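2 protein chains.
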Amino acid sequence: MTTISVDEPHREQKPQRNLAQKLVQEILQKIESKVLVPGDKLPKEADIMQEHGVSRTVVREALQRLQASGNVETKHGIGTFVLNNKGQGPMDLSFDYVNDAVEILELRIGLEVEIAGLAALRRTDEQLVEIRKALDALRAIDRNGHVSDAGSADFNFHLLIAKSAGNHYFVDIMQHMENSLVPRKRIDVSHVNHEHEEVYTAIERGDSYAARAAMRLHLTNSRERFLKLARQ
Amino acid sequence: MTTISVDEPHREQKPQRNLAQKLVQEILQKIESKVLVPGDKLPKEADIMQEHGVSRTVVREALQRLQASGNVETKHGIGTFVLNNKGQGPMDLSFDYVNDAVEILELRIGLEVEIAGLAALRRTDEQLVEIRKALDALRAIDRNGHVSDAGSADFNFHLLIAKSAGNHYFVDIMQHMENSLVPRKRIDVSHVNHEHEEVYTAIERGDSYAARAAMRLHLTNSRERFLKLARQ
DNA sequence: GAGTGGTCTAGACCACTTC
DNA sequence: AAGTGGTCTAGACCACTCC
Chain H
1 MTTISVDEPH
11 REQKPQRNLA
21 QKLVQEILQK
31 IESKVLVPGD
41 KLPKEADIMQ
51 EHGVSRTVVR
61 EALQRLQASG
71 NVETKHGIGT
81 FVLNNKGQGP
91 MDLSFDYVND
101 AVEILELRIG
111 LEVEIAGLAA
121 LRRTDEQLVE
131 IRKALDALRA
141 IDRNGHVSDA
151 GSADFNFHLL
161 IAKSAGNHYF
171 VDIMQHMENS
181 LVPRKRIDVS
191 HVNHEHEEVY
201 TAIERGDSYA
211 ARAAMRLHLT
221 NSRERFLKLA
231 RQ
Chain V
1 MTTISVDEPH
11 REQKPQRNLA
21 QKLVQEILQK
31 IESKVLVPGD
41 KLPKEADIMQ
51 EHGVSRTVVR
61 EALQRLQASG
71 NVETKHGIGT
81 FVLNNKGQGP
91 MDLSFDYVND
101 AVEILELRIG
111 LEVEIAGLAA
121 LRRTDEQLVE
131 IRKALDALRA
141 IDRNGHVSDA
151 GSADFNFHLL
161 IAKSAGNHYF
171 VDIMQHMENS
181 LVPRKRIDVS
191 HVNHEHEEVY
201 TAIERGDSYA
211 ARAAMRLHLT
221 NSRERFLKLA
231 RQ
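Protein chains in written order, with full-length UniProt numbering: chain H, 1 to 232; chain V, 1 to 232.
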């Protein structure tokens with residue numbers, strides 16, 4: 001009886017390319033099947049490496065995708081946790097004011113993230129100057145405490161960026177949304193200004209990737225700030 | 001008393017974290033200052049490594065960001081090339097039909113990429129079934145050659161995904177855009193179907209990251225196919 | 001077959017959080 | 001100080017393109 005002796009642990013020859021993609025799907029399945037529920041902590045990276053027999057590069061690539069998806073959240077020095085986006089429905093609390101405002105914010109994320117990316121690639125120097133002016137005006141208003149004017153100044157900043165994206169449809173929709181925007185009141189202005197600056201500098205240096213990331217961060221933070229206020 | 005024994009070849013004078021981000025900005029500056037112009041080939045990764053004194057990980061991270069930004073394009077086995085998004089203006093060819101259609105496609109990219117990501121997180125099983133039906137109907141139409149119906153069937157597929165995103169604003173805008181959509185004619189149907197399948201499977205398994213990527217790929221490819229047709 | 005990008009591994013050191 | 005994620009290095013092998 002001749003058994004072909006293979007010293008390998010097993011004929012596990014899966015030259016599978018894209019181990020990260022596979023890991024993503026396996027973790028998503030654990031979330032889908034309730035093995036992992038919102039709030040749960042994922043195993044530490046070293047454990048995931050051993051469990052799936054892959055290197056840390058693969059684990060981190062998978063976790064980064066799950067972060068970008070909004071499925072999990074990673075906290076430096078603590079761990080990675082499952083978020084509660086799926087499962088509790090399309091935030092069907094009720095058709096009230098809060099829910100409507102959040103939906104508007106979600107719409108703006110889709111539009112303005114793309115707008116910021118295009119503006120970084122296409123803005124003229126003249127348009128950049130106008131955006132800078134709007135930003136300075138907004139900061140001046142905040143310093144003087146004329147909060148009532150801040151809403152329209154904030155909108156103007158976003159609208160000027162839309163006009164720098166070189167696509168009039170974006171401008172049209174933004175203008176139609178003007179009356180639906182959440183009024184700014186007692187919001188942590190320093191955070192907003194810092195986020196605006198991040199968006200501006202990315203557009204200034206033509207960094208589309210950073211512009212998109214900065215705009216997304218700004219709008220998701222705005223959503224969180226609004227929800228925090230609404231719950232009070 | 002513990003002596004930290006670390007073999008240091010030399011005094012590393014740059015403990016700089018985020019080398020990739022720095023590399024991105026340096027390459028963007030070369031594009032901005034016309035040292036690199038659209039169509040130019042970047043040095044191969046090994047050369048960039050040596051030139052900047054960083055590992056390949058850093059180089060590849062930087063190039064991936066520049067790809068995501070639309071600043072460069074990488075071709076497997078060939079090289080990385082500078083794209084011409086910046087500098088030649090907001091595609092100010094003229095206000096003709098072609099330009100308008102492209103702007104609509106850009107708007108759809110912003111909206112539908114976000115829609116696909118949300119749909120992957122929120123879709124119900126019932127909604128998934130409806131999307132599957134629309135996809136099958138579309139394939140049947142393509143097989144039978146009833147190209148005239150394909151446009152509305154295609155729109156229906158996209159609309160059903162929007163309805164699965166749990167935000168009625170997205171649905172409203174999509175419906176308003178229905179009449180503005182580019183009619184499908186003599187387009188490479190097999191590619192479109194394959195791209196639709198990619199979007200569907202990502203939404204099916206709740207992979208928001210993949211859903212976004214698949215939708216973006218589908219719509220940018222649609223734009224390229226349209227432009228190719230328009231130039232004929 | 002040579003050249004170039006794509007994926008993966010193993011390990012080192014840094015930064016943040018908690019005890 | 002211990003634990004965990006963040007960044008970076010060096011090197012191996014695979015996949016695609018072109019000659």
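All C-beta atoms in this analysis are idealised placements derived from N, C-alpha and C, irrespective of residue type, glycine included. Quick caveat: nothing in here was measured; it's all calculated off a predicted structure.
CB contact below 9 Å: residue i versus chain V
{"i": "residue 58 of chain H", "result": "no"}
{"i": "residue 207 of chain H", "result": "yes"}
{"i": "residue 71 of chain H", "result": "yes"}
{"i": "residue 153 of chain H", "result": "no"}
{"i": "residue 262 of chain H", "result": "Outside the shown range of chain H (1 to 232) lies residue 262 of chain H, about which nothing can therefore be said."}
{"i": "residue 241 of chain H", "result": "Past the boundaries of the shown model lies residue 241 of chain H; chain H is included only from 1 to 232, so the question cannot be answered."}
{"i": "residue 131 of chain H", "result": "no"}
{"i": "residue 141 of chain H", "result": "no"}
{"i": "residue 32 of chain H", "result": "yes"}
{"i": "residue 51 of chain H", "result": "no"}
{"i": "residue 101 of chain H", "result": "no"}
{"i": "residue 106 of chain H", "result": "yes"}
{"i": "residue 54 of chain H", "result": "no"}
{"i": "residue 7 of chain H", "result": "With a pLDDT of only 34 at residue 7 of chain H, under 50, the local geometry of the prediction cannot be trusted, and no value is derived from it."}
{"i": "residue 137 of chain H", "result": "no"}
{"i": "residue 98 of chain H", "result": "no"}
{"i": "residue 120 of chain H", "result": "yes"}
{"i": "residue 113 of chain H", "result": "yes"}
{"i": "residue 46 of chain H", "result": "no"}
{"i": "residue 3 of chain H", "result": "Confidence in residue 3 of chain H is poor, its pLDDT being 36 and thus under 50, which makes the residue's placement unreliable; the coordinate value appears in the next sentence. Taking Cβ atoms only, chain V never reaches closer than 9 Å to residue 3 of chain H, which makes this a no."}
{"i": "residue 210 of chain H", "result": "yes"}
{"i": "residue 39 of chain H", "result": "no"}
{"i": "residue 109 of chain H", "result": "yes"}
{"i": "residue 117 of chain H", "result": "yes"}
Residue i at chain H interface by Cβ criterion, 9 Å
{"i": "residue 179 of chain V", "result": "no"}
{"i": "residue 168 of chain V", "result": "yes"}
{"i": "residue 25 of chain V", "result": "yes"}
{"i": "residue 173 of chain V", "result": "yes"}
{"i": "residue 29 of chain V", "result": "yes"}
{"i": "residue 134 of chain V", "result": "no"}
{"i": "residue 35 of chain V", "result": "no"}
{"i": "residue 217 of chain V", "result": "no"}
{"i": "residue 126 of chain V", "result": "no"}
Counterpart residues of residue i in DSSP-defined beta bridges
{"i": "residue 22 of chain H", "result": "In the DSSP output, where bridge partners are listed per residue, residue 22 of chain H has none listed."}
{"i": "residue 82 of chain H", "result": "H:72"}
{"i": "residue 41 of chain V", "result": "V:81"}
For residue j and residue i, believed in contact at Cβ under 8 Å, the rounded distance
{"i": "residue 208 of chain H", "j": "residue 120 of chain H", "result": "4 Å"}
{"i": "residue 206 of chain H", "j": "residue 106 of chain V", "result": "Wrong, their Cβ atoms sit about 18 Å apart, outside the cutoff."}
{"i": "residue 134 of chain V", "j": "residue 157 of chain V", "result": "4 Å"}
{"i": "residue 218 of chain H", "j": "residue 195 of chain H", "result": "4 Å"}
{"i": "residue 167 of chain V", "j": "residue 103 of chain H", "result": "5 Å"}
{"i": "residue 67 of chain V", "j": "residue 74 of chain V", "result": "6 Å"}
{"i": "residue 41 of chain H", "j": "residue 80 of chain H", "result": "7 Å"}
{"i": "residue 137 of chain H", "j": "residue 226 of chain H", "result": "Actually they do not touch by this definition, with Cβ atoms about 23 Å apart."}
{"i": "residue 164 of chain H", "j": "residue 212 of chain H", "result": "Rounded, the Cβ-Cβ distance is 14 Å, inconsistent with contact."}
{"i": "residue 72 of chain H", "j": "residue 82 of chain H", "result": "6 Å"}
{"i": "residue 36 of chain V", "j": "residue 30 of chain V", "result": "5 Å"}
{"i": "residue 141 of chain V", "j": "residue 153 of chain V", "result": "5 Å"}
{"i": "residue 255 of chain V", "j": "residue 192 of chain V", "result": "Outside the displayed range of chain V (1 to 232) lies residue 255 of chain V, so it cannot be described from this structure."}
*Is there contact here, the region 39 to 50 of chain H with the region 59 to 69 of chain H, by at least three beta-carbon pairs under 8 Å?*
Contact between the region 39 to 50 of chain H and the region 59 to 69 of chain H is present, because at least three Cβ pairs lie under 8 Å.
*If you pair each beta-carbon of the region 172 to 181 of chain V with each one of the region 128 to 141 of chain V, do three or more pairs fall below 8 Å?*
Too few Cβ pairs lie closer than 8 Å, so no.
*Cβ pair count under 8 Å reaching 3, the region 107 to 119 of chain H against the region 108 to 122 of chain V*: Three or more Cβ pairs closer than 8 Å define a contact, and the region 107 to 119 of chain H meets that threshold against the region 108 to 122 of chain V.
*Of all the alpha helix (DSSP H) runs that stay within the bounds of the region 154 to 185 of chain V, which reach a length of 4 or more residues?*
Here the runs fully enclosed are 168 to 177.
*Run through the region 110 to 147 of chain H for me and flag every whole alpha helix (DSSP H) of 4 or more residues, listed as ranges in chain order.*
Note on the region 110 to 147 of chain H: whole alpha helix (DSSP H) runs with a minimum of 4 residues are 125 to 144, in chain order.
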